[in-house]
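Shown next, in structure tokens, is the structure this report addresses.
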Amino acid sequence: MQDTIITFRLPKSPISEAFRNMRTNITFSDIDNELQVLAITSTNKSSGKTTILSNYAVALAQSGKRTLLLDCDLRRPKIHKKFELSNNKGLTNILLKEIEVINGIQETEVPNLFVISSGPIPPNPSEILASRRMGELVAELKNNFDYILLDAPPVGMVTDAAVLSSVAEGYILVVAIGNCDRDGVRYSLESLAKVNANVIGIVANKVPINKRSGYYAYYSAYEEDRVLNEKTKKKQLKKEPI
Ligand SMILES: Nc1ncnc2c1ncn2[C@@H]1O[C@H](COP(=O)(O)OP(=O)(O)OP(=O)(O)O)[C@@H](O)[C@H]1O
Ligand SMILES: [Mg+2]
Numbered sequence: 000m001q002d003t004i005i006t007f008r009l010p011k012s013p014i015s016e017a018f019r020n021m022r023t024n025i026t027f028s029d030i031d032n033e034l035q036v037l038a039i040t041s042t043n044k045s046s047g048k049t050t051i052l053s054n055y056a057v058a059l060a061q062s063g064k065r066t067l068l069l070d071c072d073l074r075r076p077k078i079h080k081k082f083e084l085s086n087n088k089g090l091t092n093i094l095l096k097e098i099e100v101i102n103g104i105q106e107t108e109v110p111n112l113f114v115i116s117s118g119p120i121p122p123n124p125s126e127i128l129a130s131r132r133m134g135e136l137v138a139e140l141k142n143n144f145d146y147i148l149l150d151a152p153p154v155g156m157v158t159d160a161a162v163l164s165s166v167a168e169g170y171i172l173v174v175a176i177g178n179c180d181r182d183g184v185r186y187s188l189e190s191l192a193k194v195n196a197n198v199i200g201i202v203a204n205k206v207p208i209n210k211r212s213g214y215y216a217y218y219s220a221y222e223e224d225r226v227l228n229e230k231t232k233k234k235q236l237k238k239e240p241i
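Oh and the sequence shown: position 221 is 220 in numbering that gives the first Met the number 0, straight run, nothing missing.
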């Protein structure tokens with residue numbers, strides 16, 4: 000598994016705590032209708048979708064929920080790389096009925112966490128994702144997993160993310176701060192609204208350190224205290240008679 004899966008590598012770190020908070024916030028976002036199928040998308044490419052979704056999936060699995068990561072990015076699939084799995088067979092083979100669903104599900108190092116990688120990249124990703132077979136597959140998977148997480152391409156560039164609205168019960172929009180403007184975010188939200196997508200929240204990623212606030216500010220302050228304490232200790236040591 001790659002080092003960017005912090006929730007696995009460093010489960011006690013503040014970053015892992017942030018993913019656990021995300022889990023709590025999403026659970027409370029709609030208490031009456033538990034959101035079982037969530038999709039992640041972004042305004043621009045390389046915003047951190049796959050990294051965030053993979054960390055979130057580990058946090059869910061660690062809480063004892065049977066979780067499935069389904070790579071629906073049929074243009075730049077990366078989930079298998081994050082978990083160092085094969086991508087010989089996956090979603091596209093299942094949808095083409097070349098393999099049984101069960102044979103497309105891979106185990107990961109994390110108990111309760113499973114992956115269906117993209118499979119071979121098809122020439123027509125949007126049509127494949129919008130197919131009736133895709134709807135049937137997700138319905139079948141819902142009977143076997145507590146949560147199904149869909150990794151999708153950016154919403155602004157191709158229609159793939161929007162066409163998943165027929166199966167995704169909620170969307171998370173990732174915005175990489177500094178890599179996108181207000182109009183881009185507005186356009187993404189409008190594109191998702193057009194297909195009645197239920198956007199449950201926005202994750203601000205790649206936030207420059209001096210713009211961080213809240214928990215991170217607290218953490219930095221804590222870190223500062225630690226550094227100051229160490230400096231004071233060193234001074235005290237120097238003052239001590241030999
Ligand atoms: N908060 C962060 N701080 C620093 N680097 C990050 C952060 N989040 C993601 N990255 C890095 O940014 C790069 C892109 O991340 P990732 O592949 O998750 O984005 P993506 O939105 O899925 O990209 P794509 O549009 O290709 O699907 C990776 O190298 C990842 O390690
Ligand atoms: Mg990605």
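Cβ coordinates follow ideal geometry from the N, Cα and C atoms, glycine included. As the structure is a computational prediction, the values presented were derived from the model and not from experiment.
Measure the beta-carbon distance from residue i to residue j and round it to whole angstroms, keeping in mind my assumption that it falls under 8 Å.
{"i": "Gly-118", "j": "Lys-88", "result": "6 Å"}
{"i": "Thr-256", "j": "Ile-127", "result": "Residue numbering for the chain in the displayed model covers 0 to 241; residue 256 lies beyond these limits and cannot be assessed."}
{"i": "Arg-74", "j": "Pro-152", "result": "5 Å"}
{"i": "Thr-66", "j": "Leu-112", "result": "5 Å"}
{"i": "Ile-39", "j": "Val-173", "result": "6 Å"}
DSSP on residue i, reduced to helix/strand/coil?
{"i": "Thr-42", "result": "coil"}
{"i": "Glu-139", "result": "helix"}
{"i": "Gln-35", "result": "coil"}
{"i": "Phe-113", "result": "strand"}
{"i": "Gln-1", "result": "coil"}
{"i": "Tyr-215", "result": "Legend: pLDDT at Tyr-215 = 46, less than 50; position of this residue unreliable, value from coordinates given subsequently. Helix, per DSSP."}
{"i": "Glu-106", "result": "strand"}
{"i": "Val-198", "result": "strand"}
{"i": "Val-184", "result": "helix"}
{"i": "Ala-203", "result": "strand"}
{"i": "Ala-192", "result": "helix"}
{"i": "Leu-9", "result": "coil"}
{"i": "Leu-95", "result": "coil"}
What residues does ligand 1 have around it, judged by CB closer than 6 Å to any heavy atom, in chain order? Thr-3, Ser-41, Lys-44, Ser-45, Ser-46, Gly-47, Lys-48, Thr-49, Thr-50, Asp-72, Arg-75, Lys-77, Pro-153, Asn-204 and Lys-205
Complete alpha helix (DSSP H) runs within the stretch 142–170 (minimum length 4 residues, chain order): Runs of the alpha helix (DSSP H) inside the stretch 142–170: 159–162.
Enumerated in chain order, which unbroken segments of the alpha helix (DSSP H) with a length of 4 residues or greater are wholly contained in the stretch 53–83? 78–81
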